[in-house]
Amino acid sequence: MVNIISSSRYKMDRNRLRKLTEEILVAKGVPSSMTANLVFVGKNKMKKLSLTYKKENEALPVLSFPYNEKNQDNEVLLGEIVVCYPQAVLLAAERNRKVEETILTLIKHGIENLLK
43 MVNIISSSRY KMDRNRLRKL TEEILVAKGV PSSMTANLVF VGKNKMKKLS
93 LTYKKENEAL PVLSFPYNEK NQDNEVLLGE IVVCYPQAVL LAAERNRKVE
143 ETILTLIKHG IENLLK
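Reminder that position 99 of the sequence shown reads as 141 in the numbering used here, one-by-one numbering, no gaps.
Below you can see the structure in the form of structure tokens.
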């Protein structure tokens, strides 16, 4: 299962992203009983997270936080993938790609880091 945490100001098809992310997880061999959180944040929040956890004073496009622990619903939480939405939009423009495509690329990268 995939939970998406995001502000309503970020334009995205949450149901489609959830479905595609679940497909990526299944393809990587992650049991469907595990949960992953997708969190979309702005530049300031991502910069703060980057500084705190990576000691880098910049807004990174994606960060992953592996947990592999049970949550309050007794589901195993694989981890969180934090995507900086404004950075994803900039990357999409730089690479002449759709924003959703770029977000999926960042999510794939985040999932690979969770599974290391």
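Where a beta carbon is used, it is the ideal one built from N, C-alpha and C, also for glycine.
- Taking 7 angstroms as the cut-off, the Cβ atoms of LEU148 and VAL104 count as close.
- The residues VAL118, LEU119, LEU120, GLY121, in chain order, have a CB closer than 8 angstroms to that of ASN110 in the same chain once the five nearest residues on each side in sequence are set aside.
- Nearest neighbour of VAL131 by Cα position, chosen from ASN45, VAL44, ASN155, LEU102, turns out to be LEU102.
- Listed in chain order, the alpha helix (DSSP H) runs fully inside the region 57-141 are 85-96, 127-137, counting runs of at least 4 residues.
- Within a 10 Å sphere around the beta-carbon of THR63 sit 16 or more other beta-carbons, which makes this residue buried.
- Setting aside the 5 residues that flank it on each side, VAL44 is surrounded in the same chain by ARG60, THR63, GLU64, ALA78, LEU80, each with a C-beta closer than 7 angstroms to its C-beta; the list follows chain order.
- Residues of the same chain with a CB within less than 8 angstroms of the CB of LEU93, apart from the 5 flanking positions on each side, are ASN99 in chain order.
- For SER48, the CB contacts under 6 angstroms within the same chain, skipping 5 residues up- and downstream, are PHE82 in chain order.
- Comparing alpha carbon positions, the residue from LYS140, PHE107, ASN86 closest to MET54 is LYS140.
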